[in-house]
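A.B. asks: Read the sequence shown against this note's numbering and you will find it ends at 401, with the numbers running on by one and no gaps. My questions all concern the structure below.
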Amino acid sequence: MSHTIEKCNAFALRITNYSNTSQIVHFFSNEFGHINVIAKGSRSAKSKYQGMLQPLSNYEIVIYKKDSTLSLLKEISIIEDNFDLFNNLEKTAVAQGAAELYLQLMFEENDYAKFYRLLDQYFSYLQKVDKNFIIIFWRFLLRVTTLLGFSLKFDKCVFCQTTTPEKIYGILFKQNGLVCIDCVRKKKMTESFKCSRETIKILLSLKNISDKINDIKMSQLVVKEINTIFKTYLSYHLNRRIHLKSLEIL
Ligand SMILES: [Zn+2]
């Protein structure tokens, strides 16, 4: 069996126990994208990895990389443990939501480094705000859609360019943006997603929201509606059902 020794930076997206003492880690790396690695004996008291492998932490890893089967973890050191992502339930949920999403995405080789950087920036940003972590998650999702090539824009009606919140009707998934009441009627758009007033207001301000993120108040209904919009949008463009179970506790 052929293998190469490789070194890369990687986030642990999912860790599962394997046999009595080992673990299988699904990493997302800057060099190879998704990699599944077995950490032999990592749960035994004598292991040099003991307690080191934690979900959402960022590592430098050295692996015996195998293409047809699990790679083997050879060395590991922590770049950033990201433990602060676990000190608030909402923050944890949206951080895990990002890992959950990455696990469902296929990435182009050219994009590995970009998606690695995006996750890194997202996790750091989450540690800088005190609340409304979900808004940071939505902005992260917007950047994901941009990198995947179907950038979703919430700034104006895609047809007549109106930005008046009262005139916006909802979202057109196919056109990747908002549509107003007049255009929906005129163009007989049927594949549209009608949004509540409050949702429209939040979506229109999503881009310029950073400085006042701690002051925003949203109802649970709006949070659920916007989560559904993103899930449906991603599923529509990726041609399969995208799950974000981590968010269900919100
Ligand atoms: Zn319009």
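Ideal placement from N, C-alpha and C gives every residue a C-beta, glycine not left out. Treat the numbers as computed from the prediction; the structure is a model and nothing was measured.
Can N327 and L303 be called in contact, C-beta distance under 7 Å?
C.D. replies: Numbered from its first residue, the sequence shown carries residue 327 at position 176. Numbered from its first residue, the sequence shown carries residue 303 at position 152. Yes, Cβ-Cβ distance for N327 and L303 is below 7 Å.
A.B. asks: I need the DSSP call for C331, collapsed to helix, strand or coil.
C.D. replies: In the sequence shown, the residue the question calls residue 331 occupies position 180. Three-state DSSP puts C331 in a strand.
A.B. asks: Check the C-beta distance from D407 over to C311 and give it rounded, since I have them as a contact under 8 Å.
C.D. replies: As displayed, the chain neither begins before 152 nor continues past 401, which places residue 407 out of reach and without an answer.
A.B. asks: For Y210, report the span of its beta strand (DSSP E) as first-last.
C.D. replies: Here residue 210 is taken as the residue at index 59 of the sequence shown, counted from 1. Run containing Y210: N209 to K216, per the beta strand (DSSP E) assignment.
A.B. asks: Between T296 and the rest of its own chain, which residues show a CB-CB distance below 6 Å, the 5 nearest in sequence each way excluded?
C.D. replies: For this step, residue 296 is matched to residue 145 along the sequence shown. Closer than 6 Å at Cβ, skipping near neighbours: S302 and L303.
A.B. asks: In angstroms with no decimal places, state the Cα-to-Cα distance between Y320 and L329.
C.D. replies: Numbered from 1 along the sequence shown, position 169 holds the residue referred to as residue 320. Numbered from 1 along the sequence shown, position 178 holds the residue referred to as residue 329. Near 8 Å, if we compare the C-alpha coordinates of L329 and Y320.
A.B. asks: In whole angstroms, what separates the C-alpha of Y210 from that of D235?
C.D. replies: Numbered from its first residue, the sequence shown carries residue 210 at position 59. Numbered from its first residue, the sequence shown carries residue 235 at position 84. So the two alpha carbons sit approximately 16 Å from each other.
A.B. asks: Between which two residues does the alpha helix (DSSP H) holding Q371 run?
C.D. replies: Sequence index remark: in the sequence shown, residue 371 carries index 220 (1-based). Per DSSP, Q371 belongs to the alpha helix (DSSP H) from Q371 to L389.
A.B. asks: Using the C-alpha atoms, what's the distance from S386 back to F284?
C.D. replies: What you label residue 284 is simply residue 133 of the sequence shown in a count that begins at 1. What you label residue 386 is simply residue 235 of the sequence shown in a count that begins at 1. If I take the Cα positions, the gap works out to 23 Å.
A.B. asks: Taking C-beta to C-beta, are E349 and K325 nearer than 7 Å?
C.D. replies: Here residue 349 refers to the residue found at position 198 of the sequence shown. Here residue 325 refers to the residue found at position 174 of the sequence shown. No, the pair does not count as a contact, with Cβ atoms beyond the cut-off.
A.B. asks: Between N181, Y169 and L207, which lies nearest to S193 when the distance is taken from Cα to Cα?
C.D. replies: Taking the first residue of the sequence shown as position 1, residue 193 is located at position 42. Of the candidates N181, Y169 and L207, the one whose C-alpha sits nearest the C-alpha of S193 is Y169.
A.B. asks: Just the Cα atoms here: how many angstroms apart are N390 and L256?
C.D. replies: Taking the first residue of the sequence shown as 1, we reach residue 390 at position 239. Taking the first residue of the sequence shown as 1, we reach residue 256 at position 105. Looking at the two C-alpha atoms, the distance is approximately 11 Å.
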